[in-house]
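Read through the structure below, which is laid out as structure tokens, and then see the notes.
Now the structure itself:
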């Protein structure tokens, strides 16, 4: 009887952990990492470093973190690394965006109570309000559709196809922006635009569709310049990553997973370093440069994956 009770309790705990991680993935738009084993997860240092590089670079560059994680696991034949590792890389990427925007974040926190000063040309309370509006659609739509879509669509073929779509949309947005001379700064952001950008990033529930890419495409389509669109995508990533980290920790407390401390440390540090590099690279590129290299990359990788899958790989 004790054995049966213990088994039932363990099953219930794992079920609750799995449900929480599904919502974690909704918020962060990255692949779920629920471990079905109760005996721990083995993640080698090499695997931890590779997955952390993928997560760190693709979380902020407009090339889809979820799609690249699917493709990395397909390419190397790896299983999901587990909740411990998920928490580690989320901590690393969140730390990177907070460090990169530390002056702006401090300006918001310092001026929030009195609503004094401006950050990105906006009052602190208004910046937070617009961020909330932009985050709500992703949570609602993801909560309704995520589990169904993940069961049906999370494979390399789907990721390749949606990478093609990401490349096409980024290329179209870049072409449209090049033909405009009136691109507006972030200060022009309002409730309507923030909501539209929030709705657009819901597409990132599909593996291969980039969250940051969709934020930028939507912003640029409504007249924002590349840099303003990219900076707002970074601001929207903060609640996404913070929420993902909190929910993953909650699931981890209920779960029974264990990953080697060295792999966790490597994952957190490498994801921090690569994410910081990606943030700085993107901000440098959008200052008078083009997003076409990202569009071309997505098109080439997506096409290569589809050809490989058609050939039986």
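In the numbering used here, the protein residues as written are 104 to 416. Ideal Cβ placement from N, Cα and C applies to all residues, glycine included. Every value quoted in this text rests on a predicted model; they were computed, and no experiment measured them.
Per the DSSP secondary-structure output, residue 225 pairs in a beta bridge with 222. Beta-bridge analysis with DSSP links residue 287 to 327. Between the alpha carbons of residue 413 and residue 386 lies a distance of about 37 Å. A distance below 7 Å separates the beta carbons of residue 332 and residue 323. With a cutoff of 7 Å on beta-carbon distance, residue 156 and residue 377 are scored as near each other. A straight-line Cα-Cα distance of about 26 Å links residue 375 and residue 227. Here residue 232 carries a helix assignment [DSSP, helix/strand/coil].
Residue 145 carries a coil assignment under DSSP once its states are collapsed to helix, strand and coil. Residue environment for residue 294: exposed (fewer than 16 other C-beta atoms within 10 angstroms of its C-beta). At the C-beta level, residue 304 and residue 319 stay beyond 7 Å of one another. Straight through space, the alpha carbons of residue 214 and residue 308 are spaced by roughly 34 Å. Between residue 164 and residue 407, the gap from beta carbon to beta carbon reaches 7 Å or more.
Per DSSP, reduced to three states, the secondary structure at residue 316 is helical. Less than 7 Å separates the beta-carbon of residue 201 from that of residue 208. Collapsing the DSSP output to three states places residue 176 in a helix. Here the C-alpha atom of residue 217 lies approximately 29 Å from the C-alpha atom of residue 299. By the neighbour-count definition (other C-beta atoms within 10 Å, threshold 16), residue 314 is a buried residue. Residue burial annotation: residue 206 is exposed, with fewer than 16 other C-beta atoms found within 10 angstroms of its C-beta. Pairing residue 171 with residue 403, the inter-Cα distance amounts to about 13 Å. Ranked by Cα distance from residue 231, the options 275, 335, 248 and 263 are led by 335. Only residues of its own chain outside the window of five on either side were considered, and among them 175 and 179 have a CB closer than 8 Å to the CB of residue 153, listed in chain order. In the DSSP assignment, residue 401 falls within the alpha helix (DSSP H) that extends over 395-413. Here residue 301 really is in contact with residue 238; their C-beta atoms are around 6 Å apart, less than 8 Å. Put simply, of 280, 183 and 401 the residue whose alpha carbon is nearest the alpha carbon of residue 257 is 183. The beta-carbon distance between residue 173 and residue 310, rounded to whole angstroms, is 5 Å. This is short enough to meet the 8 Å contact definition.
Distance from the Cα of residue 326 is smallest, within the candidate group 279, 416 and 223, for 279.
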